[in-house]
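Numbering (the numbering used here), first residue to last: 10 to 473.
Quick reminder that beta carbons are idealized off the backbone N, C-alpha and C, glycines included.
None of these values were measured; they are calculated from a predicted model.
Working notes for the structure below.
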Amino acid sequence: MKAHDGMYIGGQWRPAAGHDTIAVVNPTDEQVLAHVPAGTAEDVDAAVRAARAAFPAWAATPPAARAAKIAALRDVLVARAEEIAETVTAELGSPLALSRTVHAGVPVLVAGSYAELAASYSFEEKIGNSTVLLEPVGVVGAITPWNYPLHQVVAKVAPALAAGCTVVLKPAEDTPLTAQLFAEATHEAGLPTGVFNLVTGLGPVAGQALAEHEDVDLVSFTGSTAVGRQIGATAGAAVKRVALELGGKSANVILPSADLAKAVNVGIANVMSNSGQTCSAWTRMLVHRDQYDEAVALAAAAVAKYVPGERVGPLVNARQRDRVRGYIDKGVAEGARLVAGGSDAPHEKGYYVSPTVFADVTPDMAIAQEEIFGPVVSVLRYEDEEDALRIANGTVYGLAGAVWAGEEAEAVAFARRMDTGQVDINGGRFNPLAPFGGYKQSGVGRELGPHGLSEYLQTKSLQF
Ligand code: NAP
Ligand code: MG
């Protein structure tokens with residue numbers, strides 16, 4: 010893997026202000042892949058200055074011309090898709106097939122959607138005797154996690170660019186190589202100098218400096234609730250815009266009329282994908298008591314197909330592996346019944362965790378309330394539909410979910426009563442234009458599509 014030893018600031022790779030580096034580790038074999046610079050507040054300041062200097066001209070660039078640059082960026086992502094997939098696999102550990110279809114593929118769809126939106130979006134509207142101008146917010150500080158290393162970046166940078174904002178990105182310390190590749194792609198696409206800038210580094214150093222920088226107008230963060238809370242508080246104190254995409258504990262609600270086998274199989278696949286490291290994963294499976302034993306047996310059979318090292322990769326690092334294994338031990342201690350997997354390491358090398366299914370999980374258990382972020386599914390029993398709704402809505406989170414029923418209308422009626430930002434009906438397909446984001450403590454703001462674009466705009470009304 011090629012690694013840069015500098016920061017991408019003002020259109021060039023520049024030496025970092027300090028000398029500290031971060032070792033990037035391959036989670037499948039625990040070998041060091043590369044080192045990247047650990048940025049400081051000084052690097053962040055240089056990047057924010059570059060983004061500020063580039064802002065007026067980029068904001069004044071006609072939307073159609075911004076759209077053309079985003080389309081060029083998408084084309085580079087297409088041309089370098091294999092390199093992207095291999096880089097994600099190396100630093101995240103995901104199987105190459107998943108890296109190709111999801112980690113390299115989805116960002117192409119999202120960048121493409123914003124190339125189209127930038128060209129077609131109405132940045133001006135008439136309301137009575139007013140003309141309302143939708144103007145870019147300014148300089149964006151983007152802080153991203155490691156679970157979808159390129160998607161999380163593109164889901165922030167593409168709409169920011171479409172809106173006319175300029176960006177400083179601080180990617181996760183575990184996956185900086187994909188971010189460096191993205192910076193190369195912006196350069197190759199011919200984005201004007203300073204419109205996109207990259208500072209690699211540690212969260213409490215570079216991330217915090219970016220979130221606190223007084224010349225950043227909007228902080229867009231995806232990651233843990235603990236850090237999100239802190240970033241929200243900092244932004245609030247400075248009266249600046251903030252978007253937070255935090256955790257989830259989503260429910261997969263299987264109503265009695267559903268195709269049970271399909272709902273269970275798709276539900277297990279949803280959690281096992283990306284080793285369970287997906288904020289919107291349906292980690293709680295809710296099944297009617299009359300179908301409970303059958304569903305548990307189906308879930309145990311389904312999970313057997315997910316062999317660590319084959320269809321399931323490792324977790325991203327040793328800390329995440331230990332955290333997930335700790336939750337599995339906690340589930341056992343709380344009295345849940347292990348029907349597949351467990352906390353024993355399936356391999357000697359690599360940060361693997363066995364795909365795990367718990368039965369007899371009650372709604373108050375930690376494994377039913379807290380985000381585990383690993384390949385662990387809890388199957389919960391409900392008495393009737395009202396009970397299912399109470400359980401589904403009974404966490405602090407509200408990011409995603411699923412409902413399965415014989416008739417679509419029955420599933421939709423249930424979905425309307427769920428306190429959550431996104432629901433898949435009978436296994437609905439991914440839509441890169443659908444707003445994504447949380448109710449309750451799952452976050453503030455939305456990503457993707459036109460709703461994601463509006464996060465980066467502010468209004469000015471002219472009265473006539
Ligand atoms: P995290 O610490 O919140 O990391 C997210 C991003 O924020 C990273 O770029 C991180 O940098 C940065 N960061 C950390 N501390 C910061 C600070 N004080 N100020 C500014 N930025 C800061 O998340 P994590 O440690 O990688 O994962 C922990 C848990 O978060 C997971 O187990 C999971 O529950 C949750 N999570 C959720 C999502 C999601 O998509 N919603 C994604 C990942 C993780 P570093 O990389 O240097 O830490
Ligand atoms: Mg962290």
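Cβ neighbour criterion (16 or more within 10 Å) applied to residue i
| i | result |
| --- | --- |
| Lys358 | exposed |
| Glu134 | exposed |
| Ala235 | exposed |
| Leu126 | buried |
| His356 | exposed |
| Glu456 | buried |
| Asn156 | buried |
| Phe367 | buried |
| His160 | buried |
| Val273 | buried |
| Glu464 | buried |
| Glu380 | buried |
| Ala306 | exposed |
| His112 | buried |
| Phe473 | exposed |
| Ile79 | buried |
| Thr365 | buried |
| Thr468 | exposed |
| Val248 | exposed |
| Gln40 | exposed |
| Ala244 | buried |
| Arg83 | buried |
| Gln217 | buried |
| His297 | buried |
| Ala433 | The question names Ala, but residue 433 is Asp in the sequence shown. It counts as buried. |
| Ala345 | buried |
For residue j and residue i, believed in contact at Cβ under 8 Å, the rounded distance
| i | j | result |
| --- | --- | --- |
| Val312 | Ala397 | Contact flag wrong, Cβ pair sits at about 22 Å. |
| Phe205 | Val176 | 5 Å |
| Ile376 | Ser387 | 5 Å |
| Ala181 | Thr153 | 6 Å |
| Ala278 | Ala401 | About 20 Å; that fails the 8 Å criterion. |
| Leu389 | Met294 | 7 Å |
| Asp54 | His222 | 7 Å |
| Val474 | Ala220 | Absent from the model: residue 474. The displayed extent of the chain is 10 to 473, so no value can be given. |
| Leu253 | Val453 | 5 Å |
| Val208 | Ala56 | 5 Å |
| Ser289 | Gly257 | 6 Å |
| Val280 | Thr292 | 6 Å |
| Gln450 | Leu255 | 6 Å |
| Ala74 | Asp52 | Not really, about 30 Å apart at Cβ, beyond 8 Å. |
| Gly383 | Gly285 | 4 Å |
| Gly173 | Pro145 | 3 Å |
| Ala424 | Val412 | 5 Å |
| Ala124 | Ala60 | 21 Å between Cβ atoms; not a contact. |
Near the ligand MN: residue i beta-carbon under 7 Å from a heavy atom
| i | result |
| --- | --- |
| Glu182 | What this structure holds is the ligand NAP and the ligand MG, not the ligand MN. |
key: Sequence ranges, beta strand (DSSP E) only - wholly within the region 241-269, length at least 3   = Fully enclosed beta strand (DSSP E) runs of 3 or longer: 250-254 and 260-263.
key: In chain order, each beta strand (DSSP E) run of at least 3 residues that lies wholly inside the region 385-438   = Entirely contained in the region 385-438, the beta strand (DSSP E) runs reaching 3 residues are, in chain order, 385-391 and 410-413.
task = Give a yes or no on contact between the region 90-102 and the region 251-268, applying the rule of three or more CB pairs nearer than 8 Å.
result = With the cut-off at 8 Å, the region 90-102 and the region 251-268 do not touch.
query = At a cut of 8 Å, does the region 185-193 reach the region 96-113 through at least three beta carbon pairs?
reply = Yes, they touch.
ask   = Which runs of the beta strand (DSSP E) spanning at least 3 residues fall entirely within the region 23-100, listed in chain order?
value = You should have 30-34 and 41-46.
task = State whether the region 321-329 contacts the region 419-429, with contact taken as three or more CB pairs (one from each stretch) at a distance under 8 Å.
result = Touching, no.
ask   = In chain order, which alpha helix (DSSP H) runs of at least 4 residues are fully inside the region 95-175?
value = As far as the region 95-175 is concerned, its whole alpha helix (DSSP H) runs of at least 4 residues are 114-129 and 160-172.
Any 3 or more C-beta pairs closer than 8 Å across the region 202-220 and the region 113-129 = Inter-segment contact for the region 202-220 and the region 113-129 is absent: fewer than three beta-carbon pairs are separated by less than 8 Å.
ask   = Considering only residues of the region 295-359, which uninterrupted beta strand (DSSP E) runs meet the minimum length of 3 residues and lie entirely inside it, listed in chain order?
value = Secondary structure in the region 295-359: the beta strand (DSSP E) runs of 3 residues or longer, each lying completely within the stretch, are 346-349 in chain order.
inquiry  = Three Cβ pairs or more, each shorter than 8 Å: is that satisfied between the region 13-20 and the region 38-51?
reply    = Enough Cβ pairs lie closer than 8 Å, so yes.
query = Could you give the uninterrupted runs of the beta strand (DSSP E) lying entirely in the region 174-234, keeping only those of 3 residues or more?
reply = The beta strand (DSSP E) runs of length 3 or more contained entirely in the region 174-234 are, from start to end of the chain, 175-179, 205-207 and 227-231.
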